[in-house]
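Under numbering that gives the first Met the number 0, the first residue of the sequence shown is numbered 0, with each subsequent residue one higher.
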Amino acid sequence: MNRLVLYGYWRSSATWRVRIALNLKGLDAEHVAVHLSATDGDQLSAEHAALNPMRQVPALVLPGEPRRIVTQSVAILELLEELHPETPLLPKDPFLRARVRELVEIVNSGIQPHQNITPTTRIDALSPGAGRASARHFNQVGLTAFDALVAETAGRYCVGDTVTLADLFLVPQLYGARRWGINVAAEWPRLQAIDEACRLLDAFDRARPELQADAPPPEPT
Numbered sequence: 000m001n002r003l004v005l006y007g008y009w010r011s012s013a014t015w016r017v018r019i020a021l022n023l024k025g026l027d028a029e030h031v032a033v034h035l036s037a038t039d040g041d042q043l044s045a046e047h048a049a050l051n052p053m054r055q056v057p058a059l060v061l062p063g064e065p066r067r068i069v070t071q072s073v074a075i076l077e078l079l080e081e082l083h084p085e086t087p088l089l090p091k092d093p094f095l096r097a098r099v100r101e102l103v104e105i106v107n108s109g110i111q112p113h114q115n116i117t118p119t120t121r122i123d124a125l126s127p128g129a130g131r132a133s134a135r136h137f138n139q140v141g142l143t144a145f146d147a148l149v150a151e152t153a154g155r156y157c158v159g160d161t162v163t164l165a166d167l168f169l170v171p172q173l174y175g176a177r178r179w180g181i182n183v184a185a186e187w188p189r190l191q192a193i194d195e196a197c198r199l200l201d202a203f204d205r206a207r208p209e210l211q212a213d214a215p216p217p218e219p220t
């Protein structure tokens, strides 16, 4: 195998982050769809568990032998940054590098785990509708904190006028917040503006969920 292989799901925010990074760095990858479902998803299969013992996406298989697999989006993105530093997604300044990682973790640790299909399904089983309310709550809290930090560093993007990993985490997360019924433009106009700036870039545009091969066809209007 002489190319990267990315296992993911069209609407997975974690997979989306990696797609953007691959595009920004000009890296060719084969994309393998993993259908996610709490009851009968592909991620529950023994085959996928061999790729990712957490039974999640994404998983990135590196070219060459022996077969090497990296899971978890932060680990994948850090690896791509080290292997392909020519298009950096982390600033040179140590403080700003730390700030980018801080913003990444607000999304990765503080928001996303609470809106994933497994916890929301389990919460809904205990109290119908509570899963959605919980996801909205953690989006509100996390994105408000994200916005407060970005207020100190924002230019065109989250940290200055150059795209960083923080932007790769923000754009998919705002998509998720909208799915939970949050008015992003009203709540966080600064983040909305950054989102719009990112979406003008080809690397972000091509990574959109609805453009992926496993996305369902649009509903007729």
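Beta carbons: idealized from backbone N, C-alpha and C, even for Gly.
Since the structure is predicted, the reported quantities are computational estimates derived from the model, not experimental observations.
Per DSSP, the bridge partner or partners of residue i
| i | result |
| --- | --- |
| Ala28 | Leu3 |
| Gly128 | Paired residues: none, contrary to the question. |
| Arg96 | DSSP output for Arg96 lists no bridge partner at all. |
| Val69 | Leu59 |
Residue i in three-state terms, based on DSSP
| i | result |
| --- | --- |
| Ala144 | helix |
| Ala212 | coil |
| Ile193 | helix |
| Val33 | coil |
| Gly109 | helix |
| Gly175 | helix |
| Val304 | A question about residue 304 goes unanswered here, because the residues of the chain that appear run from 0 up to 220. |
| Ala74 | helix |
| Val158 | coil |
| Pro16 | The residue asked about is misnamed: residue 16 is Arg in this sequence, not Pro. Three-state result, Arg16: helix. |
| Ala184 | helix |
| Ala153 | strand |
| Thr120 | helix |
| Ser11 | coil |
| Ser133 | helix |
| Leu200 | coil |
| Glu80 | helix |
| Leu102 | helix |
| Asn115 | coil |
| Asp39 | coil |
CB-CB length for residue i against residue j, believed under 8 Å
| i | j | result |
| --- | --- | --- |
| Ile181 | Asn138 | 6 Å |
| Ser36 | Gln111 | Between Gln111 and Ser36 the Cβ distance is about 18 Å, and since that is not below 8 Å, they are no contact. |
| Leu23 | Val162 | 7 Å |
| Asp41 | Val33 | 5 Å |
| Val31 | Pro90 | In fact, because the Cβ distance is near 32 Å, the residues do not count as touching under 8 Å. |
| Asp146 | Arg198 | At roughly 18 Å, the Cβ-Cβ gap does not stay under 8 Å, so Asp146 and Arg198 are not in contact. |
Sub-8 Å separation of residue i and residue j beta-carbons
| i | j | result |
| --- | --- | --- |
| Trp179 | Ala144 | no |
| Leu95 | Thr152 | yes |
| Ala20 | Arg2 | no |
| His83 | Leu5 | no |
| Ala206 | Trp15 | yes |
| Glu101 | Leu148 | yes |
| Val140 | Ser72 | no |
| Leu79 | Ile68 | no |
| Ala196 | Tyr156 | yes |
| Leu142 | Ala97 | no |
| Val106 | Gln191 | no |
The ligand SAM heavy atom lying under 7 Å from the CB of residue i
| i | result |
| --- | --- |
| Pro112 | As far as ligands go, the structure on display features none, and thus does not contain the ligand SAM. |
Using 8 Å as the threshold, is the stretch 117-133 in touch with the stretch 162-178, meaning 3 or more CB pairs across them? With a cut-off of 8 Å, the stretch 162-178 and the stretch 117-133 do not count as touching, because too few Cβ pairs lie within range.
When the Cβ atoms of the stretch 203-220 are set against those of the stretch 56-71, are three or more pairs found closer than 8 Å? Not touching, per the Cβ criterion.
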